[in-house]
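Just so you know, the numbering used here puts 50 at position 50 of the sequence shown, and the rest follows in order with no gaps.
Using N, Cα and C, we set each Cβ at its ideal position, and we do this for glycine too.
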Amino acid sequence: MTVLGLARLWALVCSAGWGWAVAQTPETISVASPDRGKALLLQRQDSGCVLCHQVQGLPAGGALGPSLVGLADRSSKEQARERIADARRFNPQTIMPAYFSTEGLNKVANPYKGQTILTAQGLEDILSYLFLPSKATP
Ligand code: HEC
C-alpha cells in the first residue's frame, strides 16, 4: 500500500471511529433549572406548550390540551417525560408535537431535519418546573 493509500485508510478509520463516538456520547446534562424550564414553557415559538396547556404560575394558556395544573398529583415525572418526548407513544393520533424524537416526522423544514425540538437539558428543565412542589411555584 502506498503512503497516500495508508493515509486515506487512516482517515477512514478515524472518521468512522469519531462518528461512532459521537453517536454513543449522550448529551451531558447539568442540574435541571425550573427557571429555564419556565422560560421554555412560555416560549410560543420554540416549545409552544402554553398554546395548548394551562401551566401553574404562568399567564393563561390554551385549551387544546389538558391543564397541566396539578400534573404532579396524577402523573409521575417519568410518565410526563415520556409524554413530552413523544406523545404518540400514548396516543398515535395526538396533536401534541413529539419534542424529543426525530422518528416518523414529516414536513420538517430542511434546517431542522434530524433535530429534536427540545434538547435533553430543556426537557429536564421543563420537568423540574412542572414538578416543583406547588407551594414553591413562583
Ligand atoms: C398542539 C397542542 C399541544 C402542544 C403545543 C403541547 N401539548 Fe401537551 N398535550 C396536548 C394534548 C392534546 C394532550 C392530551 C393527550 C394527547 O392527546 O396526547 C397533551 C398532554 C400532555 C401531557 C400529559 C397531561 C396529563 O394530564 O397527563 C403533558 C405532561 C404535556 N402534554 C406537556 C406538554 C409540554 C411540556 C409541552 C411543551 C413542551 C406541550 N405539552 C405542548 C397538546 C399539546
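Tyr-99 and Arg-81 have their C-alpha atoms roughly 10 Å apart. With contacts defined as CB atoms closer than 8 Å, Leu-71 and Leu-58 fail to qualify as a contacting pair. When DSSP states are grouped into helix, strand and coil, Pro-59 belongs to the coil group. Within a 10 Å sphere around the beta-carbon of Ser-30 sit fewer than 16 other beta-carbons, which makes this residue exposed. For Leu-41, the Cβ falls inside the 7 Å cut-off from some heavy atom of the ligand HEC. Per DSSP, Lys-113 lies in no alpha helix (DSSP H) and is assigned neither H nor E.
Within the same chain, and ignoring the five residues on either side of Leu-118 in sequence, the residues whose Cβ sits closer than 6 Å to its Cβ are Tyr-99, Phe-100.
For Pro-34, the enclosing alpha helix (DSSP H) starts and ends at 34 to 42. In this structure, DSSP gives Glu-103 a state outside helix and strand, which the three-state scheme calls coil.
Judged by their CB atoms, Leu-68 and Leu-132 are not nearer to each other than the 8 Å cut-off.
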